[in-house]
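A short worksheet on the structure shown next.
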Amino acid sequence: MSGFGKGCHLHLIDGSAFIFRAYHALPPLTRKSDGLPVGAVSGFVNMLQRYVEGNTGPDAATHVAVIFDHSGASFRNAIYDQYKAHRPPAPEDLKPQFPLTREATRAFNIACHEIEGYEADDIIATLSCRAREAGGRVTIVSSDKDLMQLVGDGVEMLDPMKNKRIDREGVEEKFGVGPERVVDVQALAGDSVDNVPGAPGIGIKTAALLINEYGDLETLLDRAEEIKQPKRRQTLIEFREQIEISKKLVQLDCEMELDFTIEELEIRDPEPEKLLGFLAEMEFRTITKRIADKLGVDAPTVADVIPDGPDAAPADAPETLPFNPDDYECVSDVESLKGWIAQAYERGYVAFDTETTSLNEMQAELVGVSLCIEAGKACYVPIGHRASATDDLFGGNARAEGQLDLNEALGLLKPMLEDESILKIGQNMKYDSKVLSRYGIMLGPIDDTMLMSYALFAGIHNHGMDTLAERYLDHTPIPIKSLLGSGKSMITFDRVPVADAVKYAAEDADITLRLWERFKPQLHQQKVTTVYETLERPLVPVLERMEMRGVKVDRDTLSRMSNAFAQKMAQLEDEIQKAAGRDFNVGSPKQLGEVLFDDLSLPGGKKGKNGAYSTGADILEDLATEHELPRLVLDWRQLSKLKSTYTDALQNHIDPETGRVHTSYMQTGANTGRLSSTDPNLQNIPVRSEEGRRIREAFVAEPGNVIVSLDYSQIELRILAHVAGIDTLKQAFRDGQDIHALTASEMFDVPLEEMTSDIRRQAKAINFGVIYGISGFGLARNLRIPRAEAQGFIDRYFERFPGIRAYMDETVKFAKDNGYVQTLFGRKIHTPEINAKGPTAGFAKRAAINAPIQGTAADIIRRAMVRMEDAIKGLPVKMLLQVHDELIFEVEEGAEDKLIEKARAAMEGAADPAVKLDVKLSVDAGVGSNWAQAH
DNA sequence: CTAATCACG
DNA sequence: GACGTACGTGATTAGC
Numbered sequence: 011m012s013g014f015g016k017g018c019h020l021h022l023i024d025g026s027a028f029i030f031r032a033y034h035a036l037p038p039l040t041r042k043s044d045g046l047p048v049g050a051v052s053g054f055v056n057m058l059q060r061y062v063e064g065n066t067g068p069d070a071a072t073h074v075a076v077i078f079d080h081s082g083a084s085f086r087n088a089i090y091d092q093y094k095a096h097r098p099p100a101p102e103d104l105k106p107q108f109p110l111t112r113e114a115t116r117a118f119n120i121a122c123h124e125i126e127g128y129e130a131d132d133i134i135a136t137l138s139c140r141a142r143e144a145g146g147r148v149t150i151v152s153s154d155k156d157l158m159q160l161v162g163d164g165v166e167m168l169d170p171m172k173n174k175r176i177d178r179e180g181v182e183e184k185f186g187v188g189p190e191r192v193v194d195v196q197a198l199a200g201d202s203v204d205n206v207p208g209a210p211g212i213g214i215k216t217a218a219l220l221i222n223e224y225g226d227l228e229t230l231l232d233r234a235e236e237i238k239q240p241k242r243r244q245t246l247i248e249f250r251e252q253i254e255i256s257k258k259l260v261q262l263d264c265e266m267e268l269d270f271t272i273e274e275l276e277i278r279d280p281e282p283e284k285l286l287g288f289l290a291e292m293e294f295r296t297i298t299k300r301i302a303d304k305l306g307v308d309a310p311t312v313a314d315v316i317p318d319g320p321d322a323a324p325a326d327a328p329e330t331l332p333f334n335p336d337d338y339e340c341v342s343d344v345e346s347l348k349g350w351i352a353q354a355y356e357r358g359y360v361a362f363d364t365e366t367t368s369l370n371e372m373q374a375e376l377v378g379v380s381l382c383i384e385a386g387k388a389c390y391v392p393i394g395h396r397a398s399a400t401d402d403l404f405g406g407n408a409r410a411e412g413q414l415d416l417n418e419a420l421g422l423l424k425p426m427l428e429d430e431s432i433l434k435i436g437q438n439m440k441y442d443s444k445v446l447s448r449y450g451i452m453l454g455p456i457d458d459t460m461l462m463s464y465a466l467f468a469g470i471h472n473h474g475m476d477t478l479a480e481r482y483l484d485h486t487p488i489p490i491k492s493l494l495g496s497g498k499s500m501i502t503f504d505r506v507p508v509a510d511a512v513k514y515a516a517e518d519a520d521i522t523l524r525l526w527e528r529f530k531p532q533l534h535q536q537k538v539t540t541v542y543e544t545l546e547r548p549l550v551p552v553l554e555r556m557e558m559r560g561v562k563v564d565r566d567t568l569s570r571m572s573n574a575f576a577q578k579m580a581q582l583e584d585e586i587q588k589a590a591g592r593d594f595n596v597g598s599p600k601q602l603g604e605v606l607f608d609d610l611s612l613p614g615g616k617k618g619k620n621g622a623y624s625t626g627a628d629i630l631e632d633l634a635t636e637h638e639l640p641r642l643v644l645d646w647r648q649l650s651k652l653k654s655t656y657t658d659a660l661q662n663h664i665d666p667e668t669g670r671v672h673t674s675y676m677q678t679g680a681n682t683g684r685l686s687s688t689d690p691n692l693q694n695i696p697v698r699s700e701e702g703r704r705i706r707e708a709f710v711a712e713p714g715n716v717i718v719s720l721d722y723s724q725i726e727l728r729i730l731a732h733v734a735g736i737d738t739l740k741q742a743f744r745d746g747q748d749i750h751a752l753t754a755s756e757m758f759d760v761p762l763e764e765m766t767s768d769i770r771r772q773a774k775a776i777n778f779g780v781i782y783g784i785s786g787f788g789l790a791r792n793l794r795i796p797r798a799e800a801q802g803f804i805d806r807y808f809e810r811f812p813g814i815r816a817y818m819d820e821t822v823k824f825a826k827d828n829g830y831v832q833t834l835f836g837r838k839i840h841t842p843e844i845n846a847k848g849p850t851a852g853f854a855k856r857a858a859i860n861a862p863i864q865g866t867a868a869d870i871i872r873r874a875m876v877r878m879e880d881a882i883k884g885l886p887v888k889m890l891l892q893v894h895d896e897l898i899f900e901v902e903e904g905a906e907d908k909l910i911e912k913a914r915a916a917m918e919g920a921a922d923p924a925v926k927l928d929v930k931l932s933v934d935a936g937v938g939s940n941w942a943q944a945h
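Count along the first sequence from 1, then add 10; that gives the number in our numbering.
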């Protein structure tokens, strides 16, 4: 059957209502294997199943869809900003369940739709009107009274709870007027739940009375003077505008533009494998069994879908389809592009990739995009290729033939790329998203295979496309070098011949889609869905905005410093040459070693396999007592570092367009969950030395703004106190004590009031050492004390805090047993070398001890960042930078106190409600016109 | 392209 | 008993 018309019956299910009802009706169930909250999903599935079972007889549907509210504001908020303003935000344990309910709907093979800027009710209204015009019947499965305005002429409602059909009479019973006047009554009566104001003092009863008397709302308002009751008359006149706004709020939009047709909603039988696979993954044993019985197949057990290790093949491993670059299509006309976009709509998802002229997203120009619908079925859309490999005198800079116009292609792609119901799948989507945003396209929603790999395999391998393709698809992608070359003669992608670009670019999208198919089910199987959904995916847009904002860096300040450093260095170089007795390159460790140990024969030997002398800072520091030269070299090196890495290099990173420095955060750079920062690295701007710290003076606020820095105080030690359960430490943090002094006092039996800075310094080193997986050797070197003495400190520390040793032993044992360790939020860090022999074992052990602590801290600040934009909404603030335990903001002068209050609350409460810490988190704040002052 | 060095949390 | 050791990053430079 195709088409929709007479004899057809469309059922529209209010999905969001289902979710909330399920959530509130059921206890907070969690998935047994990983604690993912699934209560609402389970209730939702039950309701869907009951619906499907009941869908027989004369009222059975021929077409069906589940409609969801889209997250975020609707067009009604533009009309009235207080609309639904009193609604509390969705509970934390419900949020991760929203996407799962969409998945559940698809698992039932039922269409599901939502559209940004609209509420489910509007979509339902539009569909109802269209179905009615086509001569079909409609049943709206919902008990929401707002939908009653749609009833009549073949449209009915079905209250799923009471299993009661509501027709025209039902509506009159409820509102006292017919469906066509329901909005008028609602406009007058208002709605406290949705915060629709209405007319004060008028309820449904009075409203219906008035409407029935005057016919409709407009007439009533026009003739309000005639109303006999003085109070009512005055209210209607006084609140006329508010009533009219209310009507706009309750009036559903019947003429929305939809990105799908009614025909597409035709009912389909569930595919048992898909449905049961989903249910088993959710670990709904009873429902799985019941539905399997109904479908007449064997129920898969949880074990079927959850294999043992990350490398175990998924139960439904896609057959390996070979990669054939000749199958990829080059899209060069509008019809063809429309065809691919239509296919994306049909699927609900599409793998997507962009090709550009630069790795710098702030400057990259779009050259083409590729799409992949299913494994092996991909295309490339060239839009910015040039005619020749070089810019010659014969028009080589001209556009290549056979390409769509950039604006035309983007115009066609934009609605799909921004459509909330179409999932865009990519590898490192932050890059593509940033590039597209400069073309006015706000990409979303997205899935990212790189982030999935990170959630699944951190510690096992890196997460680049080449690694993933080779490891999971047994395929080596076309190297980009083969197209662009390397070194000096490297070309940009716009100069790659289109035919070559098609093979390369479409393959990337193809690989991405295949990786996604493989990784998506594994997230559940490996119990990292929550990590991916709460710590990875939502961070992408946050980082994207921080990167695009950049931070203002004052070139003159840096330039002046560079000059000063250069002068001082030249001076030092002279002194160094004099002290050495000959000319040599101070920057060469090799030459320096020869001068120190051969020419001057200072003590200190060769090291390493290459036979070179070691001339690290610690060695020079020791040598400084013997000779003046090492000290001079140390000073020179400090200046050299500051100049080359900071005052010089940073200037080159100032974007000519924005005058700001735009770093790039890598979400998958550090195994522990930390971010890393590149191009430039803004997470290692000097602070420890006085000279270095002055570089931060160049990081400034715009005129009328200030820089605010908020940093977690001792977050890793607090986490250690929590995970190891050390009461003394917990108490000390509760009392706001100096934690290093307390450690010193405990260890060396020195009362706090007699504490010396030296004893405290040693204790501080021990505290840090503990976090790093302390060893006698390491502590000895750090404190420059004999190894035996350092070992004595450590022994004493463990004696005093036995819980810490127990925690360390348990962590190492867990790693040995499982091959990974975990943060408090469920992030897994794999430790493949933990069972190695030899020195490697020591490394792996210490890394395993450190990872849960460092990783939990990283998770906490990630949570804070994800929530931050909401927490500081309405304030004239920009979040600019993250430095592991610190967030940097630029804020309009005067708003800094409010910002500190809001941001601090978000940071200190970032672990809630997922994890209840025994130790409270504490955040220090600083304000200034530059970063040096704010820190 | 790698090792050494040093900047940060 | 000896291994040789603090945890996690990125940028720059020298020198093959």
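For glycine and all other residues, C-beta sits at the position ideal for the given N, C-alpha and C.
Quick one: which unbroken alpha helix (DSSP H) runs of 4-plus residues sit fully inside the stretch 447-488? Chain order, please. 459-467 and 475-483
Taking C-beta to C-beta, are residue 716 and residue 903 nearer than 7 Å? yes
For my contact list, residue 562 and residue 697 are in at a C-beta cut-off of 8 Å; report their separation, rounded to the angstrom. Contact flag wrong, Cβ pair sits at about 19 Å.
Tell me the rounded alpha-carbon separation between residue 463 and residue 250. 57 Å
If residue 111 and residue 29 are in contact, beta carbons under 8 Å, what's the gap, nearest whole angstrom? 5 Å
For residue 417, is the classification buried or exposed, using 16 other Cβ atoms within 10 angstroms of its Cβ as the cut-off for buried? Classified as exposed, residue 417 has fewer than 16 neighbouring CB atoms from the shown chains inside 10 Å of its CB.
Please classify residue 86: does DSSP put it in a helix, a strand, or coil? helix
Extent of the continuous alpha helix (DSSP H) run through residue 195: 192-199
How is residue 54 classed by DSSP in three states: helix, strand or coil? helix
Would you call the stretch 69-85 in contact with the stretch 109-129, where contact means no fewer than 3 C-beta pairs closer than 8 Å? Remark: three or more beta-carbon pairs, one from each stretch, lie closer than 8 Å, so the stretch 69-85 and the stretch 109-129 are flagged as touching.
Opposing strand residues paired with residue 147 [DSSP bridges]: The bridge partners DSSP lists for residue 147 are 19.
Any idea what DSSP makes of residue 500, helix, strand or coil? coil
Below 8 Å on the Cβ atoms is my contact criterion, and I expect residue 517 with residue 488 to pass it. Report the Cβ-Cβ distance as a whole number of Å. 6 Å
Please state the DSSP three-state secondary structure of residue 108. helix
Between the Cα of residue 661 and the Cα atoms of 554, 750, 565 and 810, which residue gives the shortest distance? Measuring from the Cα of residue 661, the nearest candidate turns out to be 565.
Does DSSP put residue 78 in a helix, a strand or coil? Residue 78 falls in the coil class under three-state DSSP.
Within the continuous beta strand (DSSP E) that includes residue 392, where are the two ends? Where residue 392 is concerned, the enclosing beta strand (DSSP E) stretches over 387-392.
Terminal residues of the continuous alpha helix (DSSP H) containing residue 833? It is not in any alpha helix (DSSP H) - residue 833 carries neither H nor E in the DSSP assignment.
With distances taken Cα to Cα, identify the nearest neighbour of residue 963 among 154, 815, 876 and 874. Since the first residue shown for the chain is 11 and the last is 945, residue 963 is missing from the structure and cannot be characterised.
Output the distance between the C-alpha atoms of residue 62 and residue 901, rounded to the nearest integer angstrom. Distance between the alpha carbons of residue 62 and residue 901: 54 Å.
Could you spell out where the alpha helix (DSSP H) holding residue 850 opens and where it closes? 849-881
7 Å CB neighbourhood of residue 259 in its chain, flanking five on each side removed: Cβ within range, chain order: 86, 89, 90, 93 and 206.
Using 8 Å for Cβ pairs, my map puts residue 840 next to residue 470. What's the rounded Cβ distance? Indeed they touch by this definition, with Cβ atoms about 5 Å apart.
Of the residues 443, 810, 771 and 247, which one's Cα is nearest the Cα of residue 792? 771
Using the C-alpha atoms, what's the distance from residue 806 back to residue 877? 42 Å
What are the start and end residues of each continuous alpha helix (DSSP H) run of 4 or more residues lying completely inside the stretch 660-722, in chain order? 700-703
Taking all protein chains shown into account, do 16 or more other C-beta atoms lie within 10 angstroms of the C-beta of residue 633, making it buried, or fewer, making it exposed? buried
With a threshold of 8 Å, are at least 3 pairs of Cβ atoms found where one atom belongs to the stretch 358-371 and the other to the stretch 500-515? yes
Measuring straight from C-alpha to C-alpha, what distance separates residue 646 and residue 384? 59 Å
Note down, in chain order, each residue of its chain lying with its Cβ closer than 7 Å to the Cβ of residue 38, except the 5 sequence neighbours on either side. 47, 49 and 103
Short check: CB of residue 197 to CB of residue 237, under 7 Å? no
Top-ranked residue by Cα proximity to residue 148, from 156, 155 and 163: 163
Suppose you measure from the CA of residue 521 to the CA of residue 390; what does that come to, to the nearest Å? 14 Å
Spatially closest choice to residue 294 from 279, 310, 874 and 281, by CA coordinates: 310
CB residue 682 to CB residue 460, shorter than 7 Å? no
Which residues in the same chain as residue 139 place their Cβ atom closer than 7 Å to its Cβ, once the five residues preceding and following it in sequence are excluded? For residue 139, same chain residues with a beta-carbon under 7 Å away, outside a window of 5 residues either side, are 264 in chain order.
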